[in-house]
Amino acid sequence: MSQLILFNKPYGVICQFSQHELHPTLKDHIALPGVYPAGRLDTDSEGLLLLTGDGELQHRISDPRWKQPKTYWVQVEGRVSEAQLQALRDGVDLGDFVTQPAQVRQLPEPPALWERKPPVRFRKTVPDGWLEIIISEGKNRQVRRMTAKVGLPTLRLVRVAVGPWQLDGLQPGEMRTLTVSLADLPRTGLAKPAARAPARQGGRQEPAAPAAARAVPRFRFAKK
């Protein structure tokens, strides 16, 4: 059995334990020795970060070959169209790589999240909306690059789930400790190599197959 920490990383916190001259770090929130992040979350992103002192568990969570799905709630600038949603689902050519098919849906109304500090800056003349995006990759700033590529710049990004673990109930800076067994973890993706970028023909990107539909969990947060 291994210890797993679920931590709600606040906006502006860097995913490292060493001190930083400009930003708070994990050391300012987590006093437990010998634990390390299983994956990362950008400084300007919020939400679920997993930590453990078990190297094998850390590998099972963070290695993309295991394809642990990561669920994000993304506030974007602009009026969302079905064409933009489908582009995100099919895979987006970001220049250095093409994203794998994603599960994407428009949230009917903004989730009841905590107030971000500092607050998001809005333009009164430009509409905004919320998306739920589920990916199994985790390249640098991938979700932000995806939404920007289809014309929907990200205003706020909150990760609410990684694999079977959810943020439910945790407020910024709070954590929950679980005991997990490697034998109980989902084994999807291990026998399959990471999907390759769709082949190009005639200079145009061939559309990727859409992600398989599955039930999407609904998360609830109480306003702080």
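First residue of the sequence shown: 1, per full-length UniProt numbering; consecutive thereafter.
All C-beta atoms, glycine included, are put in the ideal place defined by N, C-alpha and C.
Whether residue i touches residue j by CB criterion (8 Å)
{"i": "residue 23", "j": "residue 39", "result": "no"}
{"i": "residue 142", "j": "residue 134", "result": "no"}
{"i": "residue 107", "j": "residue 146", "result": "no"}
{"i": "residue 8", "j": "residue 34", "result": "no"}
{"i": "residue 29", "j": "residue 173", "result": "yes"}
{"i": "residue 111", "j": "residue 73", "result": "yes"}
{"i": "residue 84", "j": "residue 160", "result": "no"}
Top-ranked residue by Cα proximity to residue i, from the options
{"i": "residue 184", "options": "134, 170, 161 and 165", "result": "165"}
{"i": "residue 118", "options": "85, 155 and 109", "result": "155"}
{"i": "residue 15", "options": "42, 62, 148 and 76", "result": "42"}
{"i": "residue 91", "options": "85, 101 and 82", "result": "101"}
{"i": "residue 137", "options": "116, 110, 163 and 83", "result": "163"}
{"i": "residue 109", "options": "61, 176, 75 and 175", "result": "75"}
{"i": "residue 77", "options": "175, 99 and 125", "result": "125"}
Cutoff 8 Å; reference residue i; Cβ partners in own chain excluding five residues on either side
{"i": "residue 79", "result": "127 and 129"}
{"i": "residue 104", "result": "85, 88, 89, 131, 132, 133 and 134"}
Exposure of residue i, with buried meaning 16 or more beta-carbon neighbours within 10 Å
{"i": "residue 21", "result": "exposed"}
{"i": "residue 132", "result": "buried"}
{"i": "residue 120", "result": "exposed"}
{"i": "residue 96", "result": "exposed"}
{"i": "residue 123", "result": "exposed"}
{"i": "residue 153", "result": "exposed"}
{"i": "residue 49", "result": "buried"}
{"i": "residue 26", "result": "buried"}
{"i": "residue 71", "result": "buried"}
{"i": "residue 86", "result": "exposed"}
{"i": "residue 19", "result": "exposed"}
{"i": "residue 32", "result": "exposed"}
{"i": "residue 203", "result": "Any reading at residue 203 is ruled out, since the residue's pLDDT is 42, under 50, leaving its predicted position unreliable."}
Residues near residue i in its chain [Cβ-Cβ closer than 6 Å; skip 5 each side]
{"i": "residue 139", "result": "none"}
{"i": "residue 45", "result": "157"}
{"i": "residue 214", "result": "Because the pLDDT of residue 214 is 38, which lies under 50, any placement of that residue in the model is unreliable, and the number read from its coordinates should be weighed accordingly. For residue 214, where only same-chain residues beyond five positions count, there are no Cβ hits under 6 Å."}
{"i": "residue 10", "result": "172 and 173"}
Closer than 7 Å: residue i CB and nearest the ligand MN heavy atom
{"i": "residue 45", "result": "For the ligand MN, the structure offers nothing, since it holds no ligand at all."}
Sequence-distant residues of the same chain with beta carbon closer than 7 Å to residue i, five excluded per side
{"i": "residue 144", "result": "154 and 157"}
{"i": "residue 58", "result": "36, 38 and 52"}
{"i": "residue 190", "result": "Any reading at residue 190 must be qualified, since the residue scores a pLDDT of 38, below 50, and its modelled position is unreliable; the value itself is stated next. So the list reads 65 and 66, once near-sequence residues are dropped."}
{"i": "residue 62", "result": "38 and 39"}
Closer than 8 Å to chain E by CB, residue i
{"i": "residue 114", "result": "Among the chains of the structure shown, chain E does not appear; only one protein chain is present."}
Discussion item. Taking contact to mean 3 or more Cβ pairs, one atom from each stretch, closer than 8 Å, check whether the stretch 1 to 10 and the stretch 53 to 63 are in contact.
Written reply: yes
Worksheet entry | Inter-stretch contact (C-beta, 8 Å, three-pair minimum) for the stretch 175 to 184 and the stretch 64 to 78 | no
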